[in-house]
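Engineer:
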Amino acid sequence: MNNFGFVFATKMLVEGRRKVRFMYREQPDDHNDSGWRFFCGDEDQEYADNPDNIAIFDINTILEIDDSILPLLNSPFGTAFEREDENAPFEVSKDFAFDEEDD
Numbered sequence: 000m001n002n003f004g005f006v007f008a009t010k011m012l013v014e015g016r017r018k019v020r021f022m023y024r025e026q027p028d029d030h031n032d033s034g035w036r037f038f039c040g041d042e043d044q045e046y047a048d049n050p051d052n053i054a055i056f057d058i059n060t061i062l063e064i065d066d067s068i069l070p071l072l073n074s075p076f077g078t079a080f081e082r083e084d085e086n087a088p089f090e091v092s093k094d095f096a097f098d099e100e101d102d
């Protein structure tokens with residue numbers, strides 16, 4: 000996938016080649032940012048809040064690990080998806096709260 004913009008993902012997801020279980024799209028930080036953030040679902044808040052545990056990746060890196068996210072990538076800003084386990088279908092996350100500036 001070309002010219003999509005970069006994404007943020009946890010190192011736990013990428014280095015462990017784990018499937019995505021939670022993903023959300025917020026307003027991009029700049030013109031190179033797609034707004035997508037990816038998690039494997041096992042990160043606790045302390046882990047997710049530590050910037051050393053998050054890195055910038057090309058979307059193709061995430062797609063090589065988990066191509067089931069592909070149909071969701073054109074979703075609008077302010078959407079979030081989650082799934083019960085790595086084999087379950089994604090559902091719209093009903094309890095994720097975006098920061099006010101992300102709406």
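In this text, residue positions in the sequence shown follow numbering that gives the first Met the number 0: the first is 0, and each later residue adds one. Ideal Cβ positions, reconstructed from N, Cα and C, are used throughout, including at glycine. Source: prediction; values computed, not measured.
Take the Cβ of Arg16 as the centre, count every other Cβ of all protein chains shown within 10 Å, and call the residue buried at 16 or more, exposed below.
Structural biologist: Counting from 1 along the sequence shown, the entry for residue 16 is found at position 17. Per the 10 Å Cβ criterion, exposed.
Engineer: Near Ala47, what residues of its chain come up, given a Cβ to Cβ distance below 8 angstroms and the 5 sequence neighbours on each side ignored?
Structural biologist: For the purposes of this step, residue 47 is taken as residue 48 along the sequence shown, with counting starting at 1. Correct list, in chain order: Thr9, Phe38 and Ile53.
Engineer: Closer than 6 angstroms by C-beta to Asp101: which residues in its own chain qualify, once you throw out the five before and the five after it? Chain order, please.
Structural biologist: Taking the sequence shown and counting its residues from 1, the one referred to as residue 101 is at position 102. Here Asp101 scores only 45 on pLDDT, less than 50, and its place in the model is too uncertain to base an answer on.
Engineer: What did DSSP end up calling Glu81 once you bin it into helix, strand or coil?
Structural biologist: Residue mapping note: residue 81 aligns to position 82 of the sequence shown, counting from 1. Strand.
Engineer: To the nearest angstrom, how far is it from the Cα of Asn2 to the Cα of Glu45?
Structural biologist: Your numbering for residue 2 matches position 3 in the sequence shown. Your numbering for residue 45 matches position 46 in the sequence shown. A direct Cα-to-Cα measurement between Asn2 and Glu45 gives close to 32 angstroms.
Engineer: Please identify the residue among Gly34, Asp43, Glu42 and Thr78 whose C-alpha is closest to the C-alpha of Ile55.
Structural biologist: For the purposes of this step, residue 55 is taken as the residue at position 56 of the sequence shown. Checking every option, the nearest Cα to that of Ile55 belongs to Gly34.
Engineer: Would Phe7 pass as a contact of Asn31 if the rule is Cβ separation under 8 angstroms?
Structural biologist: Translated into positions along the sequence shown, residue 7 becomes position 8. Translated into positions along the sequence shown, residue 31 becomes position 32. Against a cut-off of 8 angstroms, the Cβ pair of Asn31 and Phe7 comes out as no contact.
Engineer: Suppose you measure from the CA of Met11 to the CA of Lys18; what does that come to, to the nearest Å?
Structural biologist: Within the sequence shown, residue 11 is the residue found at index 12, counting from 1. Within the sequence shown, residue 18 is the residue found at index 19, counting from 1. Lys18 has its alpha-carbon roughly 10 angstroms from the corresponding atom of Met11.
Engineer: Would the beta-carbon of Arg36 be found less than 7 angstroms away from any heavy atom of the ligand COA?
Structural biologist: No copy of the ligand COA appears in this structure; indeed no ligand is present at all.
Engineer: Within 10 Å of its beta-carbon, does Glu42 have 16 or more other beta-carbons around it, so buried, or fewer, so exposed?
Structural biologist: Within the sequence shown, the letter at position 43 stands for residue 42. Buried, because 16 or more other Cβ atoms sit within 10 Å of the Cβ of Glu42.
Engineer: With H, G and I counted as helix, E and B as strand and the rest as coil, what does DSSP make of Ala54?
Structural biologist: For this step, residue 54 is matched to residue 55 along the sequence shown. DSSP places Ala54 in strand when its eight states are reduced to three.
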